[in-house]
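First the structure, in the form of structure tokens, and then the observations on it.
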Amino acid sequence: VYCVNHWEKEVVFCGWEAGNQVITGGEWLKNRLEPKHPVYRAYELYNNFAGRPSWDQLAVLYLLNPDLQLFSSIRGNCLVAPDGSNRWENHAQGKHSYLTFNPTIEPVYISYCTDKLMAGDMDFLDKKTARVAAETVPVKLIFDTDMLTDCDDAAAMAILHKLADLGEVEILATMVTSKYPMSGPVVDVINTFCGRPDMPVGTPKNGTGVFNPNSVFLDKVAAEFPHRLQSNDDAPDAVELYRKILSAHPD
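Our numbering numbers the first residue of the sequence shown as 54 and each following residue consecutively.
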């Protein structure tokens with residue numbers, strides 16, 4: 054609540070209704086990922102590649118290049134109450150933006166682009182509008198995920214790691230907001246699989262964090278792939294890790 058209400062830099066919100074229109078993770082992706090990939094297993098266990106809305110991936114797609122002309126935005130303010138509930142107010146001079154689709158672009162095309170990213174294929178990007186040029190400094194970021202019931206978190210993580218491989222981003226840490234014991238380990242699985250086994254992982258402590266006992270993929274993915282963390286308890290406190298990392302970097 055405090056961060057949203059006081060953050061002085063730009064904040065872009067990607068709402069439920071946007072990601073809900075972008076269906077990915079169907080047969081196209083199934084035929085392009087290796088079965089031994091943790092994202093493959095997550096989608097297979099979730100609904101056997103029957104398709105899934107793409108909230109987390111849309112945020113990454115926007116990060117990759119805000120100028121890809123796939124999106125529009127509405128200026129305004131997201132007002133967050135002390136209990137966490139929120140509402141949006143349109144305002145031309147607002148400090149926040151709300152992501153919408155370019156009205157000339159069909160959501161099915163955005164689904165296609167997102168599936169390509171999930172498969173590690175960046176060839177569809179227009180090199181003239183690609184965010185990163187040789188002289189551009191990679192975007193430093195902390196990825197925060199509720200890795201719990203939905204497999205789109207795993208896909209978004211895999212996309213970010215691919216972008217890091219290409220020099221587009223520098224992932225400083227991966228934070229978990231879920232207190233499910235295997236949430237942290239699965240984040241660690243993906244970091245390890247993607248070649249960053251020492252990537253810091255932070256998890257909630259003292260009983261905080263979201264929880265749902267009905268994840269259909271976390272336990273199995275954690276059991277099938279190598280990683281360091283055996284449970285959330287093995288990771289440092291996410292809040293303390295945030296403080297440590299942010300204090301070491303300029304605003």
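We treat Cβ as the ideally placed atom computed from N, Cα and C, and that holds for glycine.
Pair every Cβ in the stretch 264 to 274 with every Cβ in the stretch 294 to 303, then say whether three or more of these pairs are closer than 8 angstroms. No: the two stretches stay apart, fewer than three of their Cβ pairs being nearer than 8 angstroms.
When you compare the stretch 271 to 280 with the stretch 78 to 95, are there three or more beta-carbon pairs, one atom per stretch, that lie closer than 8 angstroms? yes
Could you work out which residue in Val263, Phe278, Lys258 and Asn155 is closest to Val292 when comparing CA atoms only? It is Lys258 whose Cα lies nearest to the Cα of Val292.
Report buried or exposed for Lys169, applying the criterion of at least 16 other Cβ atoms within 10 angstroms of its Cβ. Lys169 should be labelled buried.
With which residues is Val65 paired in a DSSP beta bridge? Ser150
Can you check which of these residues, Asp205, Val57 and Asn100, is closest to Val133 by C-alpha distance? Val57
Hey, is the stretch 108 to 115 in contact with the stretch 82 to 90, meaning 3+ C-beta pairs nearer than 8 angstroms? With the rule of 3 Cβ pairs closer than 8 angstroms, the stretch 108 to 115 does not count as touching the stretch 82 to 90.
Taking only the alpha-carbon atoms, compute the straight-line gap between Arg296 and Pro234 and give it to the nearest angstrom. Cα to Cα, the separation comes out at about 23 angstroms.
Taking just the CA atoms, how far does Asp205 sit from Asp136? 26 angstroms
Provide the residue(s) that pair with Asp306 in DSSP beta bridges, ordered along the chain. Any property of residue 306 remains undetermined from this structure, which presents the chain solely from 54 to 304.
Give the single residue among Phe102, Arg105, Val161 and Asn130 whose Cα lies nearest to the Cα of Leu123. Val161
Tell me Lys193's beta-bridge partners as DSSP assigns them. Glu223
For Trp60, which three-state DSSP category applies? coil
Ordered along the chain, which non-local residues of its own chain (more than five positions away) have a Cβ less than 6 angstroms from that of Gly237? Closer than 6 angstroms at Cβ, skipping near neighbours: Val229, Val254, Thr256, Leu282, Asn285 and Ala288.
Mapping the DSSP letters down to three states, classify Gly237 as helix, strand or coil. helix
Output the distance between the C-alpha atoms of Glu221 and Gly262, rounded to the nearest integer angstrom. A direct Cα-Cα distance of roughly 30 angstroms separates Glu221 from Gly262.
Please name the residue, chosen from Ile243, Met200 and Leu201, that lies closest to Ile212 on a Cα-to-Cα basis. Ile243
Could you name the residues of the same chain whose beta carbon sits closer than 7 angstroms to that of Gly173, not counting the 5 residues immediately before and after it, in chain order? Lys215
Closer than 8 angstroms by C-beta to Phe154: which residues in its own chain qualify, once you throw out the five before and the five after it? Chain order, please. The residues Ala71, Gln74, Leu123, Phe124, Ser125, Pro160 and Ile163, in chain order, have a CB closer than 8 angstroms to that of Phe154 in the same chain once the five nearest residues on each side in sequence are set aside.
Excluding sequence positions up to five away, which residues of its chain have a Cβ less than 7 angstroms from the Cβ of Asn306? Nothing in the structure corresponds to residue 306, since the chain is present only between 54 and 304.
State the start and end residues of the unbroken beta strand (DSSP E) segment that holds Arg140. Element bounds for Arg140: Asn139 to Asn143.
For Thr167, I'd like the list of residues in its chain whose CB is within less than 8 angstroms of its CB, leaving aside the five on either flank, ordered along the chain. Val75, Thr77, Ser107, Gln110, Leu111 and Leu114
Could you check the C-alpha separation between Lys62 and Ser231 for me, to the nearest Å? 26 angstroms
Buried or exposed by the 16-neighbour rule on C-beta atoms within 10 Å, applied to Tyr99: buried
If you reduce the DSSP assignment to three classes, tell me which class Pro160 lands in. helix
Cα separation between Val65 and Pro250? 30 angstroms
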